[in-house]
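Okay, so here's the structure we're looking at.
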Amino acid sequence: MPFVNRFFLNENGGATFTGNTLGLSRSEAVGVPGTVDSIGGFVTTNTALTFGAYPAGTTGSYLLNSSSAVLVLPPGATVIYAELIWGGTYINNGVDLSAFINDAVGFTTSMGTFSISPVPATAQEVTLSAGTRAYVRSAEVTSIVAASGAGTYTTSSVVGTIVIPDPTSNHAGWTLAVFYSDPAAPLRNLSLRVGATVIQATSGPVDTVLTGFATPFAGALNGRTQISAQEGDANKNGDRYLFGPTVASLTALSGPNNFVNNFFASQINNDAGLLDTTGTFGTRNQINGAPGSNIVGGRQGWDITNVTISPTLLNSQTSAVFRLTTNGDGYLVDGIGIQIDILEPLVQVEKSANKTATVLGDVVTYTAVIRNTGLVSATAVQFFDTDIDGADFVPGSFRINGVQQPGADPVLGVPIGTILAGMSVTVTFDEVVVSLPMPPILRNQATAAYSFVPTPEAPPISTVVPSNIVDIPEFLPLLAVRKEANLANALVGDTITYTLTITNVGNIQATGLVTDPLPPGTLFVLGTVFVNGVNRPSDNPNLGIDIGVLDLVQTTAITYQLLVTAVPPEGVVRNRFGTAFEVILPDGRTIPGFIPSNEVVIPVSSPLLTPVKSANLPSAVVGDVVQYTVNVTNNNASALTAVSLTDNVPNGSTFVTGSVTVGGIPVPGASPLTGIPIGTLAPGATVLVTFQIVVAFLPDPAVLTDQATVSFTSGSATQSSNSNPVTIPVVAPGLTLVKRAGVAIANVGDVVNYSVSALNTGNIDLSAVIFDPLYALGSFVPNSVRTDGALSPGTSPLTGIPVGPIPPGGTVVVSYDVLITAPSPTQFYINQANATFAYTPPGRPPLSGSTTSNIVEVRNPQFTLLAEKSVSSNSVLIGDTITYTVVVTNIGIADSLNTIVSDTATEGGEFVPGSVRVNGAPVAGSIRSGVNIGTVPAGGSAIVTFDVLIVSDPPPDGIIDDFATVTYTSGGIGQSSISNTVTVIVSQPVVVAVKASLDPFAFVGDNVQYTTTVTNTGNFNALATWFDILPEGTSFVENSVTLNGFPVPGANRFTGTFLGTLLPDIENLITFQLKVEFYPPSGVLVNQGNMVLEFILPDGRAFTERVFTNVVTVPVLAPPTIVKSANVTEALVGSKVVFTVAVSNPGSTPFDRATLHDILPEGLEFVPGSVTVGGSPVPTANPAIGIPAGFIAPKTSVSVKFEATAVREPHNLLAVNTASLTFEYVAPNGQRVPGVVQSNPVTILINEEEE
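This is the structure we're talking about:
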């Protein structure tokens, strides 16, 4: 994914990374350390644990892993930001830990152990290879590290894999990135980026653009980069980290323990770039080199380092590019830190807020003062503000120097203009608090992009500066309340004890008052109130119980009793309590709240009848049949009639039809779901009712909880009684065996290590015995069995390997060696394990089961004909044609007859008809159905070639795996041979750019905000440079470009903006603004962006492509013109004047509800009935009230006429008259925008008639 900007600040201080791996390198056997560049055992700080043959302080469970590292800070330094980054493999060779990668990890400091949950902003999963995936998670831990300071830190329970075999990808680890303030340090631009960027030779390099700093105009330059990476290997090289001012001037970085051509080599380095030996297993390090080598059980799979970038910097530099690339070893970068020494910037941004504490619903006003502290003007200043997690911008609230800026959005950028030297501009805006972020802080920071000319002869410089960070704690006043009772059912006269628990689950102290109204049919028992075990004899829940102050996570428990005095009207005691509480914020505000509890419902039974329920099983297994028995007893002195039993049967079960008996007599049609008729029950009589259920599936929770209800009539009253509830735990045993072989190919004399992972997929502990009958072509190697890595002498898979007990969700791995003693006639050694297991449900004798593993095939190539396949190019584009070559060699002593070479179609490739050649000569036929090449003599060979076209629908992962098959007859026996598999990678960036305008229309003078979403849907990286054509009538708003939310100062869309690398399946967002300078001739802004893509395939071929966005049109709304005229310029009193108003729509947008208004001046009087619109009379219209002109289409006009009579001379003899038009623009999206325009004035000279 693109790196996410997590921290950005100019500060006297620096950066430091520390951390550690969580695994040691493996061998090919489970639990045995080795030199394979993949971990086979987890590290733990608990030295009482040992995994297999690994040293003490190791474990086979990621849940128990942990490792420590030492954080070193300069004396007097103060932590200003800290981020914990962790990750590893989570899917690998059949192991899938997807369900756990979002779990919290442990983080231990001198202040204690904390549970750290990942934040969504940086969460990412990536593919390392086919079937292998890794993840990155991180979280801000500033407050914890600031309080803990320098010292030892430990991270634990990080998901990772240690499966064997694997494509040498197993790993897990963590990094703590810390930024600090230090008065003794230079002013530096500090930044942190977190992501999950996989670097592989098959996907191309990754370039990232850095902005937001400005190096000194002259003098020495200094900068360093910190980096955290996964899956770097000491024994493989080709991995590089480059840095420079532009993509054309990159320098390969190196350090004391980082080689230029093996930068990532499973090395944990300190701030000087030297090996850090202070952490867990700090002396067990792989041997670095280019390439280096691995030690047995060395720290593996995690890199942390800190190297200089000073030689790559230039004076007056404001941007840089770093490149991650490889032509060999693949790796994943999860954190990049940058520190560059800078001068005091020309522009400074000081940010503040009007609140020091917030709760949901608060509106916070932020103020940013942008000061030009230099000697030259800052031009094209653009203000940006980050999107605040937990708050939303209030539209219309943005102000510049107190003046409202309608439509402005600080996240997208607001133009400020020029700030003269020594001057400042103040902006304010509001944010409403809508949710609780984690951690519960509203973190906000602004940036200002600007340009300036440092000296008259110097070129302009564009840069961006950050403001200070404003943190406002957000408080969540919240209580969790729960009510419970000691009885599930009650009789009249019973005493019910209620327990009320109130827990402060918010993040601020609270005080509370609990009230619990008395339900019908009950009476409060005085003196029974206890609060946290202390009796309060005078308290009454009906009146309120004061619980005082509740600290964070503190729980208060209240108990009291009610006496059941009668059967309530509904037959149940229904009860809940409420808690009124309040909190006092640090700013002094008091926030009230109220929260109700859950409702507790207790059925109250009549004492006249007692049902007692029981079951025949103390626990059940899915599939069991359970029989319930209900003893129904009449306690009354007279008979009870219409007695009927109902039972809804518990979740997870179904009623067994025909299983009902009443008094031992079957009642075939009866069902407890609809009611089992019992009839009349004599005084003192008891009847037994039975029925059965079958456990259909595992309920959640895993218990069958059931209760019967018996209704009856006593006299004229219908009543009911409830049985006791019966709870039966349900177990579902499950054991999954996954078998693996340590090698894919074996020959006679080889030793193959097999492993079997036994996973308990059920909900009950299992003990198992794992068997492997092996095969006649191999023999078990005695004393080679290991259980979870520990040797198990004397055990054998032939007689059974006992394991367990295995808890639910737990896994035990057994491994053993098999010596290959004979070749396989099928050319495969086929093997499958099986297991028997036992478990003991609660209250029952042990039960058993069995299962089998998957089938494992180890290839034993014993061909008379060898088929060796190759390809003309392993890296291709869609549309390429590649040539496959199959060399068939007869290594036997007899000729092969009727030799047929075939190749099955593979997704992504299409056979080219007529392309088959045998020993260079064209041969008719298709390789798909098979080409007969005749006889291949003993010791001879034949070469078959054919072409395949790479089609437009490659496999999802871009990998085409292909092999050939040769069938033949030798010695009168039909045989076959399979070639090696050849892999071809379809390397194709497919970039889609979707452009949109956030403004559906614009007026002259407006800024139009454009966004472009760019996605690479292919499988190969591409460098991108963005261009945009300026629509007529607009100008580009300088410094308005952002890339993924971060300003790109100085970027110009029309000369090209370098975006860096577009990674596959990653969405990038580009925004910028245009200003409408004048009305375009077409009335519409027509805009389309394009991108130049550059990429180099692994085979060295370079490509350049241009991709266009969709066309975006934004109408510019032009107001109508109204021209007023009169038929005379002079008029005598008593004469008429005809006014004409020509209303024209010059634009491309229609107007509606156009109404002409005209208030006649002194001396003129409207002539009723004289109005015409477009030549048609409108008898009732009056210009003083408004003359409706209606709908005016684009590029049309309408003429409005009316008459007036000169009734007297005005005071100055001149009657000056103007008209106005109110209307609505009808935008293309249907939105209506009101408008008003004025006409030109018309003057009429009015005279009295001469006498």
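According to the UniProt record's numbering, the sequence shown holds residues 1 to 1251 in order. For glycine and all other residues, C-beta sits at the position ideal for the given N, C-alpha and C. Bear in mind the structure is a predicted one, so any value in this text is a computation, not a measurement.
- Pairing phenylalanine 1046 with serine 757, the inter-Cα distance amounts to about 47 Å.
- Residue pairing from DSSP leaves proline 256 without any beta-bridge partner.
- Within its own chain, the residues whose Cβ lies closer than 7 Å to the Cβ of glutamate 1209, once the five positions on either side in sequence are excluded, are Val1133, Gly1163, Ile1246, Asn1247, Glu1248, listed in chain order.
- For serine 902, the enclosing beta strand (DSSP E) starts and ends at 896–903.
- The beta carbon of threonine 18 lies closer than 6 Å to those of Ala69, Leu71, Leu176 in the same chain, with the five residues before and after it left out.
- The beta carbon of threonine 1034 sits closer than 7 Å to those of Leu1074, Lys1075, Val1076, Glu1077, Leu1085, all from its chain and outside the five residues before and after it, given in chain order.
- In this structure, the beta-carbon distance from valine 525 to leucine 500 does not fall below 8 Å.
- One alpha carbon belongs to leucine 617, the other to valine 731, and they sit about 12 Å apart.
- Per DSSP, reduced to three states, the secondary structure at alanine 196 is strand.
- Between asparagine 1145 and threonine 1196, the C-beta gap is smaller than 8 Å, which places the two residues in contact.
- Taken through DSSP and simplified to helix, strand or coil, phenylalanine 577 comes out as coil.
- In the DSSP assignment, threonine 142 falls within the alpha helix (DSSP H) that extends over 142–148.
- Within the same chain, and ignoring the five residues on either side of proline 807 in sequence, the residues whose Cβ sits closer than 8 Å to its Cβ are Asn760, Asp765.
- Per the Cβ contact rule, the segment 112–129 is not in contact with the segment 201–218 (fewer than 3 Cβ pairs under 8 Å).
- Exposed is the label assigned to serine 352, since fewer than 16 other Cβ atoms lie within 10 Å of its Cβ.
- Separation of valine 553 and glycine 106 (C-alpha to C-alpha, rounded to the nearest whole angstrom) is 19 Å.
- If you draw a 10 Å sphere on the C-beta of phenylalanine 8, you find 16 or more other C-beta atoms in it, and that means buried.
- If you compare the alpha carbons of Ser1176, Ala1118, Val136, Gly292 with that of valine 158, the shortest gap goes to Val136.
- For leucine 798, DSSP records no beta bridge to any residue.
- Taking 8 Å as the upper bound for CB-CB distance, valine 347 and asparagine 10 are not in contact here, some 11 Å apart.
- Under the three-state reduction of DSSP output, tyrosine 62 falls in the helix class.
- Leaving aside the five residues that flank glutamine 339 on each side, the residues in its chain whose CB is nearer than 6 Å to its CB run, in chain order, Gly14, Ala15, Arg188, Leu190, Arg224.
- Annotation: the continuous beta strand (DSSP E) that includes glutamate 1094 extends over 1089–1096.
- One alpha carbon belongs to proline 74, the other to proline 699, and they sit about 57 Å apart.
- In this structure, the straight-line span from the alpha carbon of lysine 355 to that of tyrosine 54 is close to 56 Å.
- Per DSSP, threonine 277 has no beta bridge partner at all.
- By the neighbour-count definition (other C-beta atoms within 10 Å, threshold 16), valine 604 is a buried residue.
- Within the same chain, and ignoring the five residues on either side of glycine 914 in sequence, no residue has its Cβ closer than 6 Å to its Cβ.
- Within the segment 831–886, the runs of beta strand (DSSP E) that reach at least 3 residues and sit entirely inside it are, in chain order, 847–859, 865–871.
- If you draw a straight line from the Cα of leucine 1117 to the Cα of proline 1000, it comes to about 10 Å.
- Note on glutamine 988: 16 or more other CB atoms within 10 angstroms of its CB, so buried under the neighbour-count rule.
- For arginine 1153, the enclosing beta strand (DSSP E) stretches over residues 1151–1157.
- For isoleucine 162, there is no enclosing beta strand (DSSP E), as DSSP marks it with neither H nor E.
- In the same chain as glycine 544, and ignoring 5 residues on each side of it, the C-beta atoms closer than 6 Å to its own belong to Leu513, Thr515, in chain order.
- Nearest to phenylalanine 114 by C-alpha distance, out of Asn92, Val333, Tyr153, Ala220, is Tyr153.
- Proline 825 and serine 872 have their C-alpha atoms spaced approximately 33 Å apart.
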